[in-house]
Each structure stands twice: as C-alpha cells, then as structure tokens.
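Q:
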Amino acid sequence: MSEDCIFCKIINGDFGTEFVYETENTVVFNDINPKAPIHMLVCPKKHIASLNELEDKNLMAELLQTVKDVTKKIGLKSYKTQINTGKEAGQEVFHLHIHVLGNKK
Ligand code: AMP
Ligand code: ZN
Numbered sequence: 048m049s050e051d052c053i054f055c056k057i058i059n060g061d062f063g064t065e066f067v068y069e070t071e072n073t074v075v076f077n078d079i080n081p082k083a084p085i086h087m088l089v090c091p092k093k094h095i096a097s098l099n100e101l102e103d104k105n106l107m108a109e110l111l112q113t114v115k116d117v118t119k120k121i122g123l124k125s126y127k128t129q130i131n132t133g134k135e136a137g138q139e140v141f142h143l144h145i146h147v148l149g150n151k152k
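With the first letter of the sequence shown counted as 1, position 17 gets the number 64 in our numbering; the numbers rise by one all the way through.
(1) Does the structure place the segment 102 to 110 close enough to the segment 53 to 66 that three or more beta carbon pairs sit under 8 Å?
(2) Can you tell me which of the three DSSP states Leu101 falls into?
(3) Name, in chain order, the residues that DSSP records as bridge partners for Gln129.
(4) Indicate the three-state DSSP secondary structure (helix, strand or coil) for Glu69 in the structure shown.
(5) Beta-carbon within less than 8 Å of Pro84's beta-carbon, same chain only, minus the 5 sequence neighbours each way: which residues are those?
(6) Among the residues of its own chain, which have a CB less than 6 Å from the CB of Ile58, if the five just before and after it don't count?
(7) Give every residue of the same chain whose Cβ lies closer than 7 Å to the Cβ of Thr128, excluding the five residues on either side of it in the sequence, and list them in chain order.
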C-alpha cells in the first residue's frame, strides 16, 4: 500500500467504498465522476503506478478476466475499456486502473 495513494485507501476500505466485484488480487468500484451511465474502475489490489510498472503476467490476465467477469455479473454485454498511462495521456491517479464504460443494460 502506498500511503498517499487514493486508490490504495479505497482498496483498504478507508472510505467504505462499495466494491462492485472483487477477486483475490483485483477490485472493481464505480468511478466517482462517471463519463458514461456505467463507469467502473478495475484495479489491482497491489499498488502499481501504471501499466508501465506492471510486470506480473498472471496479474495482467486476472485484470482482464475481472473486466469480463464484472461485466457479465452486471449483464453488460457491450462496453469500452481504457487505460491511461502517463500524465500526458491523461492519467490522474497513479494506481493502475482499467476504465470500463458502458450504457445502460
Ligand atoms: P485517470 O485519469 O485514468 O487516472 O482516471 C482516474 C479516474 O479516477 C477518474 O475518472 C476519476 O473520476 C476517478 N476517481 C478519482 N478519485 C476517485 C474516488 N475517490 N473514487 C472513485 N473514482 C475516483
Ligand atoms: Zn495505490
């Protein structure tokens, strides 16, 4: 856990944020400022600053599997995913996350 990371604090349960879905190494919660009717963030529980720092191939697979499983769980068949990597690309929170955006089921 990184002390000054907002997503680490969320994952640690500091704000009582509801998790839409959770696996051993990943967690999903709703974006606080949704850009679509459904806007979830899929994160590793471990603090990893960005995709550039992700080296664990099992965790890479688990993150994508979580995208599939959470969308299936909520009945969302069509969705868009996005990973912003680096400040110039619009990354604001430096804890790896996959945006999952969809319209109402
Ligand atoms: P990015 O620009 O890819 O780093 O995306 C960061 C995302 O995190 C933005 O869509 C924010 O709305 C979202 N966000 C920031 N703080 C929170 C929070 N406390 N809870 C949920 N989502 C957040
Ligand atoms: Zn973190």
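Backbone N, C-alpha and C define an ideal beta-carbon position, used for all residues, glycine too. Every value quoted in this text rests on a predicted model; they were computed, and no experiment measured them.
A: On the basis of the supplied data:
(1) Counting Cβ pairs under 8 Å, fewer than three are found: no touch.
(2) Leu101 carries a coil assignment under DSSP once its states are collapsed to helix, strand and coil.
(3) Under DSSP, the beta-bridge partners assigned to Gln129 are His146.
(4) Secondary structure at Glu69: strand, using DSSP grouped into helix, strand and coil.
(5) So the qualifying residues of the chain are Gly149, Asn150 and Lys151.
(6) Cβ neighbours of Ile58 beyond the five flanking positions: Val74 and Lys92.
(7) Only residues of its own chain outside the window of five on either side were considered, and among them Val114, Ile145, His146 and Val147 have a CB closer than 7 Å to the CB of Thr128, listed in chain order.
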